[in-house]
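Trainee:
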Ligand code: SAH
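Numbering (the numbering used here), first residue to last: 8 to 256.
(1) Could you pull out every unbroken alpha helix (DSSP H) segment of at least 4 residues lying fully inside the region 119-182, listed in chain order?
(2) Starting from the C-beta of residue 9, find all residues in its chain whose C-beta is less than 7 angstroms away, skip the five residues before and the five after it, and write them out in chain order.
(3) Could you pull out every residue in the same chain whose Cβ sits closer than 6 angstroms to the Cβ of residue 138, ignoring the five residues on either side in sequence?
(4) Do residue 74 and residue 157 have their CB atoms nearer than 8 angstroms?
(5) Taking 7 angstroms as the cut-off, is the CB of residue 169 close to at least one heavy atom of ligand 1?
(6) For the beta strand (DSSP E) that residue 15 lies in, which residues bound it at each end?
(7) Could you check whether residue 78 and residue 135 sit closer than 8 angstroms to each other, using their CB atoms as the reference points?
(8) What would DSSP say about residue 80, mapped onto helix, strand or coil?
(9) So residue 292 and residue 198 are in contact, right, with Cβ under 8 angstroms, and what is the actual spacing, rounded?
(10) Could you tell me whether any non-hydrogen atom of ligand 1 is closer than 7 angstroms to the CB of residue 21?
(11) Straight-line CA distance for residue 124 to residue 249?
(12) Taking 7 angstroms as the cut-off, is the beta-carbon of residue 121 closer than that to any non-hydrogen atom of ligand 1?
(13) Quick one, which of 33, 194 and 20 has its alpha-carbon nearest residue 240's?
(14) Would you mind stating whether residue 140 and residue 101 have Cβ atoms separated by less than 8 angstroms?
(15) Within the same chain, show all residues whose beta-carbon is closer than 8 angstroms to that of residue 107, passing over the 5 residues directly before and after it, in chain order.
(16) Does the Cβ of residue 153 lie closer than 7 angstroms to at least one heavy atom of ligand 1?
(17) With H, G and I counted as helix, E and B as strand and the rest as coil, what does DSSP make of residue 73?
(18) Grab me the residues of residue 215's own chain with a C-beta within less than 7 angstroms of its C-beta, minus the 5 sequence neighbours each way, in chain order.
(19) With a threshold of 6 angstroms on Cβ separation, who are the neighbours of residue 143 within its own chain once the five nearest residues in sequence on each side are excluded?
(20) Ignore the nearest five residues each way along the sequence and tell me which others in residue 42's own chain have a CB closer than 6 angstroms to its CB.
(21) Give the range of the alpha helix (DSSP H) segment to which residue 223 is assigned.
(22) Please confirm whether any heavy atom of ligand 1 lies closer than 7 angstroms to the CB of residue 92.
(23) If you count every other CB in all the chains shown that lies within 10 Å of the CB of residue 167, and 16 or more means buried, which is it?
(24) Which same chain residues end up closer than 6 angstroms to residue 48 when comparing Cβ atoms and leaving out the 5 residues on each side of it in sequence?
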């Protein structure tokens with residue numbers, strides 16, 4: 008298990024104190040890769056103050072303008088959420104997710120994404136993720152403070168790490184690397200374009216088709232070779248469509 012292959016991503020954080028609190032929570036548990044997507048106030052003295060002796064995590068934090076940039080090179084992405092969303096997604100609690108992360112982080116880049124203090128992650132952002140993480144709470148009040156949610160997730164990862172080496176998992180012996188988020192996004196764009204050309208997807212009434220396809224491929228997890236095969240099929244489909252339409256004209 009390599010904790011350095013795990014990154015914590017905070018999206019659009021409003022309160023710099025929460026950024027500092029998250030940095031401290033991470034360092035306490037042995038994680039150090041912090042990504043900040045368009046934070047409202049950063050750097051900020053309140054972040055430094057709340058980070059206490061984790062100022063180095065803040066100094067080395069990577070700031071990006073968008074979430075896709077922060078997770079572009081990741082092969083496994085988890086999104087945290089305090090509530091149920093419209094389309095059910097693979098969902099585990101923090102402990103279950105820590106087990107999944109442990110299996111992936113030996114060889115893969117893993118991201119755990121946290122949302123805005125006031126409204127969490129959007130459905131679109133959650134649909135970029137392979138797996139959703141929910142921290143079980145009282146039904147009366149399910150929304151934790153952001154830094155405290157980071158603390159619990161990092162603690163669960165620490166507990167798995169503390170057990171020592173895990174048995175080798177099938178994924179670790181895979182012959183081809185798993186596709187990065189960036190390449191998956193290119194595939195989804197190509198797939199959508201092809202489905203529109205085929206008139207299978209109506210852009211005026213897309214329903215939840217792309218969300219369901221994202222969920223399907225996110226659940227399976229494609230390796231780079233499988234992804235190239237599918238891209239090749241899409242390219243040939245596009246060409247064949249153009250030829251047959253040319254013939255009709
Ligand atoms: N009102 C928002 C909650 C925002 S709390 C919502 O309903 O989604 C800010 C962030 O803390 C969330 O986006 C999530 O990253 C994390 N968080 C808070 N409570 C959580 C919980 N019970 N399970 C998982 N993550 C949680």
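All C-beta atoms, glycine included, are put in the ideal place defined by N, C-alpha and C.
If you're wondering where the values come from, they're calculated on a predicted model, not measured in any experiment.
Mentor: Judging by the given coordinates:
(1) 130-133 and 153-169
(2) Taking the first residue of the chain shown as position 1, residue 9 is located at position 2. Same-chain partners within the cutoff: 112 and 113.
(3) Within the chain shown, the letter at position 131 stands for residue 138. Around residue 138: 85 and 97.
(4) On the chain shown, position 67 is the one that residue 74 refers to. On the chain shown, position 150 is the one that residue 157 refers to. Going by C-beta atoms, residue 74 is not nearer than 8 angstroms to residue 157.
(5) Residue numbering aside, residue 169 sits at position 162 when the chain shown is read from its first letter. No.
(6) Counted from its first residue, the chain shown places residue 15 at position 8. Start and end: 13-18.
(7) Taking the first residue of the chain shown as position 1, residue 135 is located at position 128. Taking the first residue of the chain shown as position 1, residue 78 is located at position 71. Yes, they are a contact pair.
(8) Sequence index remark: in the chain shown, residue 80 carries index 73 (1-based). The answer is coil: DSSP assigns residue 80 none of H, G, I, E or B.
(9) Nothing about residue 292 can be reported from this structure: the residues present for the chain run from 8 to 256 only.
(10) As a working mapping, residue 21 is identified with position 14 in the chain shown. No, Cβ of residue 21 sits at least 7 angstroms from all heavy atoms of ligand 1.
(11) Residue 124 sits at position 117 when you count from the first residue of the chain shown. Residue 249 sits at position 242 when you count from the first residue of the chain shown. Looking at the backbone, the Cα of residue 124 and that of residue 249 are separated by about 48 angstroms.
(12) Numbered from 1 along the chain shown, position 114 holds the residue referred to as residue 121. Because some heavy atom of ligand 1 lies under 7 angstroms away, the Cβ of residue 121 counts as near it: yes.
(13) Position 233 of the chain shown, counted from the first residue, corresponds to residue 240. Cα-wise, what sits closest to residue 240 is 194.
(14) Residue 140 sits at position 133 when you count from the first residue of the chain shown. Residue 101 sits at position 94 when you count from the first residue of the chain shown. Cβ atoms of residue 140 and residue 101: closer than 8 angstroms.
(15) Position 100 of the chain shown, counting from 1, holds the residue named residue 107. Taken in chain order, the residues that qualify are 83, 85, 99 and 138.
(16) Working through the chain shown from its first residue, we reach residue 153 at position 146. Correct: residue 153 has its Cβ closer than 7 angstroms to ligand 1.
(17) Taking the first residue of the chain shown as 1, we reach residue 73 at position 66. In the structure shown, residue 73 sits in coil (DSSP, three-state: anything other than H, G, I, E or B).
(18) Mapped onto the chain shown, residue 215 falls at position 208. Within the same chain, residue 215 has close Cβ partners 94.
(19) As a working note, residue 143 is residue 136 in the chain shown. Same-chain partners within the cutoff: 100.
(20) If you number the chain shown from 1, residue 42 lands on position 35. These residues qualify, in order along the chain: 14, 16, 69 and 77.
(21) Taking the chain shown and counting its residues from 1, one reaches residue 223 at position 216. Run containing residue 223: 216-227, per the alpha helix (DSSP H) assignment.
(22) Your numbering for residue 92 matches position 85 in the chain shown. No, Cβ of residue 92 sits at least 7 angstroms from all heavy atoms of ligand 1.
(23) Taking the first residue of the chain shown as position 1, residue 167 is located at position 160. Buried is the call here.
(24) Translated into the one-based positions of the chain shown, residue 48 becomes position 41. The residues are 23.
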